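Let me begin by presenting the structure, written as structure tokens, before commenting on it.
Number of protein chains: 2
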Amino acid sequence: MSLPHVLLALLGRGPASGWDLGTRLAKDPALGWDADLAQVYPALRRLLRGGFVALRRRRSSKGPPRREYRLTAAGRREFREWLAEPLALPKPHAASLVRLAFLERRPPEARLASLHLYRDLLADELERASSGTTAARRRRLLLLEAELAWADAEAAAILSGRTLSKEPR
Amino acid sequence: MSLPHVLLALLGRGPASGWDLGTRLAKDPALGWDADLAQVYPALRRLLRGGFVALRRRRSSKGPPRREYRLTAAGRREFREWLAEPLALPKPHAASLVRLAFLERRPPEARLASLHLYRDLLADELERASSGTTAARRRRLLLLEAELAWADAEAAAILSGRTLSKEPR
DNA sequence: CCTCGGTATATAAATCTTTATATACTTTCC
DNA sequence: GGAAAGTATATAAAGATTTATATACCGAGG
């Protein structure tokens, strides 16, 4: 729905190829978007046809020639307008969250095991994320910390026998 | 990708029609999934063809006849297996988060206005969410509280002039 | 020399999701 | 009696995303 705008945003930090954009998307979880290369290439084409980016081919020391895109004035304007649209609460859309929502359907040992695994993922992510130089990064840090605390509390509650939890109706 | 499994999960709480499932999905944000009715109906058909649910038509006191689906043994098994799969960190995928990631590109007054709007959305959601009877609900509460605190801190930082923030590269 | 791994671009097919539209039955209010 | 609102099902079309596959260039290691 808004991959083209995300790409315009990233191109605001300087010219880049489809490959660059794809790897940046994949590596920066604070960004709030991820997309496969197979989606990035067609999106760049559409942006090019729309006049929002310009293309320059450049030889690369390694690999085939790069197609570097850079913002045009129209692209910059389009991005600024999109950026100014009001923020909405994101609706979560993740299989993991659904599994969490039905955690209580599973036996206590399985619940504990799942929580521990998840907790470790969170801890890893927190380590890699640490360094909050922008609002979005600070947000991500805080949320990861809160979720880590939650996971520990849930695990402790299971261990202490007092489940605290009711079957979801 | 896993809407069918989400529907199986919801059907575990008792028989329901497509309409029921659609409204439950829309109303419960702790669930971690949302889907349009236009997606629910075909998904139920596929589940029916696959033998995971059974159908019974029932007259309704209001509106056209309901098609109520209930889990079969196969559906229950399929759900349990899906539920046992390991939890992964959800990759965010929301335009709002991308806008947040480029907040620093906007002038301070606009930043502040956006944050205030977002803050109010969070506060509303927090009020409607309060009552954590399951792990998933407790998680959602904690995360909303953490995000609210973040939004307030960012707004305060902008107001006090010390922006604390660097342009994203 | 040849394969492997990383860089780089791209398309096809399948699947998932959103948006728009259509239909129909019932109750309630005017 | 008619319009509106809520319940209920459904399809078509468009758009987004994932998965699979293909190609090609370069350097390093065996």
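In the order they appear, the protein sequences are chains A and B. Quick note: the first sequence uses our numbering, first residue 1, plus one each step. Quick note: the second sequence uses our numbering, first residue 170, plus one each step. Note that beta-carbon positions come from the ideal geometry of N, C-alpha and C, so glycine has one too. Predicted, not measured: the structure shown is a model, and the values here were computed from it.
If you drop the 5 nearest sequence neighbours on each side, which residues of the same chain put their C-beta closer than 7 Å to that of residue i?
{"i": "G51 (chain A)", "result": "T72 and A74"}
{"i": "E247 (chain B)", "result": "L177 and F221"}
{"i": "A43 (chain A)", "result": "L3, P4 and L7"}
{"i": "G330 (chain B)", "result": "none"}
{"i": "H285 (chain B)", "result": "A324"}
Check whether the Cβ atoms of residue i and residue j sit closer than 8 Å, and answer yes or no.
{"i": "S17 (chain A)", "j": "E68 (chain A)", "result": "yes"}
{"i": "P233 (chain B)", "j": "R226 (chain B)", "result": "no"}
{"i": "E154 (chain A)", "j": "A304 (chain B)", "result": "yes"}
{"i": "V53 (chain A)", "j": "L11 (chain A)", "result": "yes"}
{"i": "K91 (chain A)", "j": "P198 (chain B)", "result": "yes"}
{"i": "L25 (chain A)", "j": "W33 (chain A)", "result": "yes"}
{"i": "L269 (chain B)", "j": "L89 (chain A)", "result": "no"}
{"i": "A151 (chain A)", "j": "R119 (chain A)", "result": "yes"}
{"i": "L83 (chain A)", "j": "R274 (chain B)", "result": "yes"}
{"i": "R137 (chain A)", "j": "S131 (chain A)", "result": "yes"}
Residues in the same chain with beta-carbon distance under 8 Å from residue i, minus the five sequence neighbours each way, listed in chain order, please.
{"i": "G295 (chain B)", "result": "According to the sequence displayed, residue 295 (chain B) carries Leu and not Gly. Around L295 (chain B): L310, L313, E314 and L317."}
{"i": "G22 (chain A)", "result": "A35, D36, L37 and V40"}
{"i": "L47 (chain A)", "result": "P4, L7, L8, V53, Y69 and G75"}
{"i": "L112 (chain A)", "result": "A155, I158 and L159"}
{"i": "S96 (chain A)", "result": "Y118"}
{"i": "L122 (chain A)", "result": "L144, E147, L148 and A151"}
{"i": "S283 (chain B)", "result": "R268, L272 and R275"}
{"i": "A298 (chain B)", "result": "P198, A199, R306, R309, L310 and L313"}
{"i": "E250 (chain B)", "result": "none"}
State the DSSP-derived secondary structure class of residue i, mapped to helix, strand or coil.
{"i": "L258 (chain B)", "result": "coil"}
{"i": "S17 (chain A)", "result": "strand"}
{"i": "A54 (chain A)", "result": "strand"}
{"i": "A318 (chain B)", "result": "helix"}
{"i": "R106 (chain A)", "result": "coil"}
{"i": "R268 (chain B)", "result": "helix"}
{"i": "R228 (chain B)", "result": "coil"}
{"i": "R169 (chain A)", "result": "Confidence is the limiting factor: at R169 (chain A) the pLDDT is only 49, short of 50, which leaves the residue's position unreliable, though a coordinate-based value still follows. Coil at R169 (chain A), not helix or strand."}
{"i": "H174 (chain B)", "result": "helix"}
Spatial neighbours of residue i within its chain, please: C-beta separation below 6 Å, excluding the five flanking residues on both sides.
{"i": "R239 (chain B)", "result": "P184 and A223"}
{"i": "R228 (chain B)", "result": "P234"}
{"i": "R218 (chain B)", "result": "none"}
Check whether the Cβ of residue i sits closer than 7 Å to any heavy atom of the ligand NAP, and report yes or no.
{"i": "L31 (chain A)", "result": "The ligand NAP is absent from the structure shown, which contains no ligand whatsoever."}
Exercise for the section: Could you list the residues in the stretch 120-140 of chain A with a C-beta less than 8 Å from some C-beta on chain B, going in chain order? Expected result: Flagged, chain order: L121, L122, E125, T133, T134, A135, A136, R138 and R139.
Exercise for the section: Let me know the alpha helix (DSSP H) ranges lying completely inside the stretch 194-223 of chain B, each 4 residues or longer, listed in chain order. Expected result: Within the stretch 194-223 of chain B, the complete alpha helix (DSSP H) segments at least 4 residues long are 206-219, listed from N- to C-terminus.
Practice task
Would you list, in chain order, the members of the stretch 247-268 of chain B that have their beta-carbon closer than 9 Å to a beta-carbon of chain A?
Solution key: Flagged, chain order: F248, R249, W251, L252, A253, E254, P255, L256, A257, L258, P259, K260, P261, H262, A263, A264, S265, L266, V267 and R268.
Exercise for the section: Using a Cβ-Cβ cut-off of less than 8 Å, give me the residues of the stretch 2-21 of chain A that come near chain B, in sequence order. Expected result: Taken in chain order, the members of the stretch 2-21 of chain A whose beta-carbon sits within less than 8 Å of a beta-carbon on chain B are S2, H5, V6, A9, G12 and R13.
Practice task
Report the residue ranges of all alpha helix (DSSP H) runs contained in full by the stretch 276-301 of chain B; include only those spanning at least 4 residues, in chain order.
Solution key: At a cut-off of 4 residues, the continuous stretches assigned as alpha helix (DSSP H) that sit fully inside the stretch 276-301 of chain B are 277-298.
Practice task
Mind checking the stretch 220-245 of chain B against chain A and listing, in chain order, the residues whose C-beta falls within less than 9 Å of any C-beta there?
Solution key: Residues: none.
Problem - Residues from the stretch 100-111 of chain A in contact with chain B, defined by Cβ distance under 9 Å - result: Of all residues in the stretch 100-111 of chain A, L100, A101, F102, L103, E104, R105, R106, A110 and R111 have a Cβ within less than 9 Å of some Cβ in chain B.
Handout entry: Contact set between the stretch 207-220 of chain B and chain A, restricted to residues whose Cβ is under 9 Å from the partner
Key = Closer than 9 Å at the C-beta level to chain A, one finds no residue of the stretch 207-220 of chain B.
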